[in-house]
Amino acid sequence: MPVAATAQDVAATAGVAAAATADAEPDQQADIVVQGQRQQYVANVPTIEVPQSIQILSAATLKDAGITRLDNALDFATGIARQNNFGGLFDVFACRGFTGDEGTASNYLVNGFNGARGYGGSRDMSNVEQVQVLKGPNSSLFGRGEPGCTVNIITKKPGFDLHGGAILSAGSFNNYRSEGDVNVPLSSKIAVRVTGAAESADSFRDFISSQKVTVTPSVLVKLGRDSSASYEFEYIDQKVMFDRGIVAPGGNLSLVPRERFFGEPGDGPVHVRAKGHQAQLQHDFSSDWSLVLGVGYRDTFFKGTSTEAELAAGRQRLYTDGTTLSRQRRARDYSTTDLTFRGELSGEFSTGSLTHHMIVGADWDQYELDVIQNRYRPPLVASQAAGNLVAGNRVDIFNPVYGKQPATGTFQSYLERQFSWGGYLQDQVDVTDALKVRFGGRYDEFEQVIDERVGGRRTQQFKTAFSPSVGATYLIGDALSIYANYGRGFRPNNGTDANNNPFLPERTESYEAGAKVALFHNRLTGTVALFRTTKSNVLTADPVNANFSLAVGRAQSKGVEAELSGNLPAGFRVQFNYAYIDATVAQDALDPNFGFGLRKGDPLLNIAKNSGSALIFKDFDIGSSRLTLGAGVNYVGRRLGETGYRFPNGDFYYLPGYTLTRLTAAFEPTDRIRVSGEVTNLFDKQYFPSSYSRLWTLPGAPRQFMVRVGYSY
Numbered sequence: 001m002p003v004a005a006t007a008q009d010v011a012a013t014a015g016v017a018a019a020a021t022a023d024a025e026p027d028q029q030a031d032i033v034v035q036g037q038r039q040q041y042v043a044n045v046p047t048i049e050v051p052q053s054i055q056i057l058s059a060a061t062l063k064d065a066g067i068t069r070l071d072n073a074l075d076f077a078t079g080i081a082r083q084n085n086f087g088g089l090f091d092v093f094a095c096r097g098f099t100g101d102e103g104t105a106s107n108y109l110v111n112g113f114n115g116a117r118g119y120g121g122s123r124d125m126s127n128v129e130q131v132q133v134l135k136g137p138n139s140s141l142f143g144r145g146e147p148g149c150t151v152n153i154i155t156k157k158p159g160f161d162l163h164g165g166a167i168l169s170a171g172s173f174n175n176y177r178s179e180g181d182v183n184v185p186l187s188s189k190i191a192v193r194v195t196g197a198a199e200s201a202d203s204f205r206d207f208i209s210s211q212k213v214t215v216t217p218s219v220l221v222k223l224g225r226d227s228s229a230s231y232e233f234e235y236i237d238q239k240v241m242f243d244r245g246i247v248a249p250g251g252n253l254s255l256v257p258r259e260r261f262f263g264e265p266g267d268g269p270v271h272v273r274a275k276g277h278q279a280q281l282q283h284d285f286s287s288d289w290s291l292v293l294g295v296g297y298r299d300t301f302f303k304g305t306s307t308e309a310e311l312a313a314g315r316q317r318l319y320t321d322g323t324t325l326s327r328q329r330r331a332r333d334y335s336t337t338d339l340t341f342r343g344e345l346s347g348e349f350s351t352g353s354l355t356h357h358m359i360v361g362a363d364w365d366q367y368e369l370d371v372i373q374n375r376y377r378p379p380l381v382a383s384q385a386a387g388n389l390v391a392g393n394r395v396d397i398f399n400p401v402y403g404k405q406p407a408t409g410t411f412q413s414y415l416e417r418q419f420s421w422g423g424y425l426q427d428q429v430d431v432t433d434a435l436k437v438r439f440g441g442r443y444d445e446f447e448q449v450i451d452e453r454v455g456g457r458r459t460q461q462f463k464t465a466f467s468p469s470v471g472a473t474y475l476i477g478d479a480l481s482i483y484a485n486y487g488r489g490f491r492p493n494n495g496t497d498a499n500n501n502p503f504l505p506e507r508t509e510s511y512e513a514g515a516k517v518a519l520f521h522n523r524l525t526g527t528v529a530l531f532r533t534t535k536s537n538v539l540t541a542d543p544v545n546a547n548f549s550l551a552v553g554r555a556q557s558k559g560v561e562a563e564l565s566g567n568l569p570a571g572f573r574v575q576f577n578y579a580y581i582d583a584t585v586a587q588d589a590l591d592p593n594f595g596f597g598l599r600k601g602d603p604l605l606n607i608a609k610n611s612g613s614a615l616i617f618k619d620f621d622i623g624s625s626r627l628t629l630g631a632g633v634n635y636v637g638r639r640l641g642e643t644g645y646r647f648p649n650g651d652f653y654y655l656p657g658y659t660l661t662r663l664t665a666a667f668e669p670t671d672r673i674r675v676s677g678e679v680t681n682l683f684d685k686q687y688f689p690s691s692y693s694r695l696w697t698l699p700g701a702p703r704q705f706m707v708r709v710g711y712s713y
């Protein structure tokens, strides 16, 4: 079997396969574009036959929309909601109502490897070929994780054709960006590719600026007709001011201007850096069977100081006088390493009249997190003299005067190590031409060791889990299928209870049913899915032992999603998404962070019941030139802005819903030159994409403009 593969014969994620036809546009269908090697966790099955909702965001679509960041890309994925972004340094999102720890990045994958562990800042799209959103439980393949979806990023790969290009951009708030992509075949057996971007920007927020550099070189080597090896290196360096957003103590989001910064400019930027390595060896035994071995290594660090609003009511003077904000000051020095080995055998075989599409594999992972954090925390309000703004590290929210930088003392210092391994098997069986049945399972072992330098305490836990899944698809002709699936999953809880016993892991149970269409030779595809997921062993506050937690909470999410994308008559390229999500607390409990009472039926943080988006583009040929016009709309409904807190009248703190509009245009006078631009938040709406607290609420950007000039060959 030749090493080079196309979207027509290679799938690049769990259950995703080529559904291409010769006359379909490659960026308008759920094709997986992987040059040279296949991805692991894959069954070579057409998308319409997969008993699971899958959404693909292609590089071409994101380019037309002018999107250069992962968080902006996921705004156009069905059922994904923004969460607390850790001062602007994490990509954190919930899918179908569920996120992990609000204080850590969401665990998206890069080529099947964990790409968000540690600290890499906001994800740049310069090296991204496509973003795959695999809905529902995926623990039977990937192991521990959230039940709503798995996001897998496929990076741009080397190929055996010479091509490249560069893009220069300039926009509002002194945003300047350069981006490059060069692919060179060194011989008939070796190809290299280098992608990268550098960006510098100010912000509509006072004192906020950012700089980032991303470089990704990669190489593909054909070792023979049936074998190949690849290597990819990723370097990410970002510096950004830590920003928790605005304050709205009484729920009034217009109390202070959206530009106002409540940190300390003198703290300077926080610095994050990540270096990642991925290597893969593939051997094709035949046209049906392949063995893939892979190794990944990633090290990151996070260093810097920030000043941020104190959230504990007893230490926050703003709740007393409505004017002065008490603030913490934190100095962080974090570092991580992550080493992964994996192997997988995949192929097809028959038993009688049944055709099997099977994958079987195993992986091993070692993750290390080193945390040193010093902190200044304001004293109780009663100890803060009214006229002394130094006590409490306070600032007047209406007339801030900066320059207070109190000394910090040791707060956290520990080393955490995680060891895990798992084995998995999945088989999709063609029972008849119409009926397809999929079943799978994964066994995991997980060990965690935490050594606290302060106090010298060691905490250990060892857990095992089995995550089964089953699904079925029934084809009704060539263009319609109905499907259903069921799966269970888990995610370890960190820490121990008051008796120093490790927490039980979170357990999830998910059901999904839906229908898929593939019209006009796959030029227009769509999915409608109904889902219900329950989660148990969620951490809650211990009502008896203060400052401790219990793994006894429950949450649930149910809803419906609809997605349609592809080509319409008259040359329109479209993508429409809608989601209704009812995500709630499933039993009474106490919030683990502040001890607020949680009641059954309370909404989950930052999850809108209704959300949707649309993108539409059309090309116009003008002689030998081409003009592309486009528009996009995002709608996000009202969302809870702080878990468990109620105002005296009993109301929650809600973020209002919003609708954002963007316009795009691109002109290509030749095949090699492209001039483009976009306007985001066209009507200059004031909006708030996410919040963690009334005192940590992120305002959205006003109207912005961006212009780009690109050259390709």
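In our numbering, the protein residues as written are 1 to 713. For each residue, glycine too, the CB sits at the ideal point set by N, CA and C.
I'd like the list of long-range same chain contacts for residue i, defined as Cβ closer than 6 Å, with 5 residues on each side in sequence excluded.
{"i": "glutamate 561", "result": "Thr78, Gly79, Ala529 and Ala579"}
{"i": "tyrosine 176", "result": "Ala170 and Ser200"}
{"i": "leucine 70", "result": "Asp91 and Arg123"}
{"i": "arginine 507", "result": "Phe490, Ser536 and Asn537"}
{"i": "proline 51", "result": "Arg438, Gly471, Ala472, Thr473, Tyr483 and Asn485"}
{"i": "phenylalanine 596", "result": "Gly644 and Tyr645"}
{"i": "threonine 21", "result": "Bear in mind that the predicted position of threonine 21 carries a pLDDT of just 30, short of 50, making it unreliable; the figure below should be weighed with that in mind. Hits under 6 Å: His521 and Asn522."}
{"i": "glycine 276", "result": "Glu234 and Arg298"}
{"i": "alanine 701", "result": "Phe204"}
{"i": "alanine 81", "result": "Ala94, Asn606 and Ile607"}
{"i": "aspartate 338", "result": "Arg117, Arg298 and Tyr367"}
When DSSP labels each residue in this structure, what does residue i get in the three-state scheme?
{"i": "proline 569", "result": "helix"}
{"i": "glycine 601", "result": "coil"}
{"i": "arginine 193", "result": "strand"}
{"i": "leucine 311", "result": "coil"}
{"i": "isoleucine 208", "result": "coil"}
{"i": "serine 200", "result": "strand"}
{"i": "proline 265", "result": "helix"}
{"i": "tyrosine 483", "result": "strand"}
{"i": "leucine 318", "result": "helix"}
{"i": "valine 45", "result": "coil"}
{"i": "threonine 670", "result": "coil"}
{"i": "lysine 404", "result": "coil"}
{"i": "aspartate 64", "result": "helix"}
{"i": "valine 381", "result": "helix"}
{"i": "alanine 434", "result": "coil"}
{"i": "alanine 515", "result": "strand"}
{"i": "proline 59", "result": "According to the sequence displayed, residue 59 carries alanine and not proline. In the structure shown, alanine 59 sits in a helix (DSSP, three-state: H, G or I)."}
Give me the Cβ distance between residue i and residue j, rounded to the nearest whole Å; I'm assuming they're in contact under 8 Å.
{"i": "glutamine 556", "j": "leucine 141", "result": "Going by Cβ atoms, the distance from glutamine 556 to leucine 141 rounds to 24 Å, so no, they are not a contact pair."}
{"i": "asparagine 393", "j": "serine 326", "result": "7 Å"}
{"i": "arginine 721", "j": "leucine 682", "result": "Past the boundaries of the shown model lies residue 721; the chain is included only from 1 to 713, so the question cannot be answered."}
{"i": "serine 420", "j": "aspartate 370", "result": "With 8 Å as the limit, serine 420 and aspartate 370 do not qualify as a contact, their Cβ atoms being about 18 Å apart."}
{"i": "alanine 279", "j": "valine 292", "result": "Wrong, their Cβ atoms sit about 11 Å apart, outside the cutoff."}
{"i": "valine 219", "j": "serine 227", "result": "At roughly 15 Å, the Cβ-Cβ gap does not stay under 8 Å, so valine 219 and serine 227 are not in contact."}
Please report how far the alpha carbon of residue i lies from the alpha carbon of residue j, in whole angstroms.
{"i": "alanine 513", "j": "serine 350", "result": "28 Å"}
{"i": "glycine 641", "j": "glycine 571", "result": "41 Å"}
{"i": "proline 603", "j": "valine 247", "result": "21 Å"}
{"i": "phenylalanine 705", "j": "serine 172", "result": "5 Å"}
{"i": "leucine 435", "j": "glycine 471", "result": "11 Å"}
{"i": "isoleucine 476", "j": "tyrosine 367", "result": "46 Å"}
{"i": "leucine 605", "j": "glycine 343", "result": "38 Å"}
{"i": "asparagine 374", "j": "threonine 300", "result": "19 Å"}
{"i": "leucine 714", "j": "arginine 639", "result": "The question about residue 714 has no answer here: the residues shown for the chain are numbered 1 through 713."}
{"i": "aspartate 161", "j": "valine 194", "result": "14 Å"}
{"i": "leucine 66", "j": "valine 574", "result": "It should be pointed out that residue 66 corresponds to glycine in this sequence rather than to leucine. Their Cα atoms are separated by approximately 15 Å."}
{"i": "leucine 134", "j": "arginine 96", "result": "11 Å"}
By Cβ distance below 8 Å, which residues in the same chain neighbour residue i in space, the five residues on each side in sequence not counted?
{"i": "glycine 710", "result": "Gly165, Ala166, Ile167, Leu168, Ile673, Arg674, Val675 and Ser676"}
Once you ignore the five residues that flank residue i on each side, which residues in its own chain have a CB closer than 7 Å to its CB?
{"i": "glutamate 668", "result": "Ser625, Arg626 and Arg674"}
Fill in: Whole beta strand (DSSP E) elements within the stretch 68-146, 3-residue minimum
Contiguous beta strand (DSSP E) elements confined to the stretch 68-146 occur at 80-82, 93-95 and 128-135, taking only those with 3 or more residues.
Worksheet item: What beta strand (DSSP E) runs, 3 residues minimum, are completely inside the stretch 448-504?
Response: Correct list: 458-475 and 480-491.
Item to complete: At 4 residues or longer, and completely inside the stretch 314-376: list those alpha helix (DSSP H) runs for me, N to C.
Response: Correct list: 318-321.
Worksheet entry | Unbroken stretches of the beta strand (DSSP E), 3 residues or longer, contained in the stretch 684-708 | Restricting attention to beta strand (DSSP E) runs no shorter than 3 residues, the stretch 684-708 encloses them at 690-693 and 696-698, ordered along the chain.
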